[in-house]
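**Student:**
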Amino acid sequence: MLNILESYDLQGFINGEVQPPPQFINNADTGTQTNPAFVKWRKTDRLVKGWLTATPSEEVLGIVVGLNTAFEVWNALVHAFARVSSDRSLALKQRLTSITRGTDTLAVYLRRFKAVCDDLAAIGKLVPDHKKSWWLLNGLGKEYEVFTTTMLRPPVLPYSEIVTSLVSYAERHKLDAQPTPQMAFYGQCNNKNKRSNGGQDTGELGTILLVTQVIFIP
Numbered sequence: 017m018l019n020i021l022e023s024y025d026l027q028g029f030i031n032g033e034v035q036p037p038p039q040f041i042n043n044a045d046t047g048t049q050t051n052p053a054f055v056k057w058r059k060t061d062r063l064v065k066g067w068l069t070a071t072p073s074e075e076v077l078g079i080v081v082g083l084n085t086a087f088e089v090w091n092a093l094v095h096a097f098a099r100v101s102s103d104r105s106l107a108l109k110q111r112l113t114s115i116t117r118g119t120d121t122l123a124v125y126l127r128r129f130k131a132v133c134d135d136l137a138a139i140g141k142l143v144p145d146h147k148k149s150w151w152l153l154n155g156l157g158k159e160y161e162v163f164t165t166t167m168l169r170p171p172v173l174p175y176s177e178i179v180t181s182l183v184s185y186a187e188r189h190k191l192d193a194q195p196t197p198q199m200a201f202y203g204q205c206n207n208k209n210k211r212s213n214g215g216q217d218t219g220e221l222g223t224i225l226l227v228t229q230v231i232f233i234p
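Numbering (the working numbering), first residue to last: 17 to 234.
1) At what residues does the alpha helix (DSSP H) containing Q110 begin and finish?
2) Which residues in the same chain have their Cβ closer than 7 Å to the Cβ of L83, if we skip the five residues on either side of it in sequence?
3) In whole angstroms, give me the CA-to-CA distance for D103 and L112.
4) Using CA coordinates, which residue listed in P37, C133, H146 is at the minimum distance from T50?
5) Which whole-angstrom value describes the C-beta separation of I115 and W151, a residue pair presumed to lie in contact below a C-beta threshold of 8 Å?
6) Pull up the distance between the alpha-carbon of V64 and that of R58, whole angstroms please.
7) Starting from N19, trace the alpha helix (DSSP H) both ways and give me its first and last residue.
8) What do you reckon, are the CB atoms on Y188 and G157 nearer than 8 Å?
9) Taking the alpha carbon of T85 as the reference point, which residue from Q35, R128, A138, A98 has its own alpha carbon closest?
10) Look up G47 in the DSSP assignment and say whether it is helix, strand or coil.
11) What number of angstroms, rounded off, separates the C-alpha of S101 from the C-alpha of G140?
12) Let me make sure I understand the geometry here. Which of A138, Y125, V183, R99 has the alpha-carbon closest to that of F163?
13) Could you check what DSSP says for I178 in three-state terms: helix, strand or coil?
14) Can you tell which of D135, D61, F97 has the C-alpha that lies nearest to the C-alpha of G78?
15) I'd like the list of long-range same chain contacts for L142, defined as Cβ closer than 8 Å, with 5 residues on each side in sequence excluded.
16) Could you give the DSSP three-state label for I79: helix, strand or coil?
Given below as structure tokens:
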């Protein structure tokens with residue numbers, strides 16, 4: 017709306033630069049009469065006021081009802097929505113600082129984290145890059161403790177690079193994956209060996225196979 021008003025050079029009606037002229041003037045011949053300048057000002061002011069309340073919600077109507085000028089309407093809306101924005105900003109920041117991965121996959125956690133950052137940006141509260149990095153890493157949990165500790169060592173990488181490294185790290189270490197069939201098969205066989213030998217572990221061959229598999233897992 018401000019851009020539209022500025023394009024028509026009408027911003028003075030909402031910022032106080034354009035003040036209403038006297039409604040009446042004295043004329044030596046006709047006495048007191050309506051000031052033509054006031055009539056012109058009132059016409060334009062009502063136009064601007066109409067633009068500001070063109071598609072009002074019930075909430076907006078409750079704020080601007082009874083106000084007479086575009087200046088009054090504009091300032092009432094600015095103050096009202098500033099309070100709403102402040103409350104929402106506080107709630108979103110609290111959510112951002114307390115967000116954790118929990119039992120979510122990494123992909124879901126990253127989407128949830130980005131959504132909160134985007135909501136803050138939408139109300140003009142951009143999250144500094146270093147704070148995004150800090151909160152993202154601290155919400156990963158113990159499974160990513162080694163990665164988190166490494167990434168938090170100065171100099172800390174930009175947020176976008178941390179996300180890329182995080183996804184790569186998770187893929188390499190298969191942190192979001194289920195145990196491989198080979199690992200599950202070995203675990204079953206090893207348990208059978210223990211039970212058949214009175215609790216003694218004779219699955220030496222299985223151990224060798226497991227170590228070999230782990231070494232060559234990409």
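Every residue, glycine too, gets a C-beta built ideally from N, C-alpha and C.
**Tutor:** Taking the structure as given:
1) Translated into the one-based positions of the sequence shown, residue 110 becomes position 94. Per DSSP, Q110 belongs to the alpha helix (DSSP H) from 86-114.
2) Here residue 83 corresponds to residue number 67 of the sequence shown, with the count starting at 1. Once the five neighbours on either side are set aside, the close Cβ partners of L83 are V89, A92.
3) In the sequence shown, residue 103 corresponds to position 87, counting from 1. In the sequence shown, residue 112 corresponds to position 96, counting from 1. Near 14 Å, if we compare the C-alpha coordinates of L112 and D103.
4) Start at 1 with the first residue of the sequence shown, and residue 50 comes out as number 34. Ranking P37, C133, H146 by Cα distance to T50 puts P37 first.
5) The residue given as residue 115 occupies position 99 in the sequence shown. The residue given as residue 151 occupies position 135 in the sequence shown. In this structure I115 is in contact with W151, their Cβ atoms being roughly 7 Å apart against a cut-off of 8 Å.
6) Position 48 of the sequence shown, counted from the first residue, corresponds to residue 64. Position 42 of the sequence shown, counted from the first residue, corresponds to residue 58. Answer to the nearest angstrom: the Cα atoms are 10 Å apart.
7) Numbered from its first residue, the sequence shown carries residue 19 at position 3. Judged by DSSP secondary structure, N19 falls within the alpha helix (DSSP H) whose first and last residues are 18-23.
8) Against the sequence shown, residue 188 aligns to sequence position 172. Against the sequence shown, residue 157 aligns to sequence position 141. Reading the sequence as shown, one finds Arg at residue 188 and not Tyr. Taking 8 Å as the Cβ cut-off, R188 and G157 do not qualify as a contacting pair.
9) Residue numbering aside, residue 85 sits at position 69 when the sequence shown is read from its first letter. It is Q35 whose Cα lies nearest to the Cα of T85.
10) Your numbering for residue 47 matches position 31 in the sequence shown. Looking at G47 - three-state DSSP - the assignment turns out to be strand.
11) Mapped onto the sequence shown, residue 101 falls at position 85. Mapped onto the sequence shown, residue 140 falls at position 124. Rounded to whole angstroms, S101 to G140 spans 9 Å at the Cα level.
12) Position 147 of the sequence shown, counted from the first residue, corresponds to residue 163. Just measuring C-alpha positions, the residue of A138, Y125, V183, R99 sitting nearest F163 is V183.
13) The residue labelled residue 178 in the question sits at position 162 within the sequence shown. In this structure, I178 counts as helix in the three-state DSSP scheme.
14) Here residue 78 refers to the residue found at position 62 when the sequence shown is read from its first residue. Per the Cα distances, F97.
15) In the sequence shown, the residue the question calls residue 142 occupies position 126. Excluding positions up to five away in sequence, the list reads L136.
16) Walking along the sequence shown from the start, residue 79 turns up at place 63. Here I79 sits in helix by DSSP.
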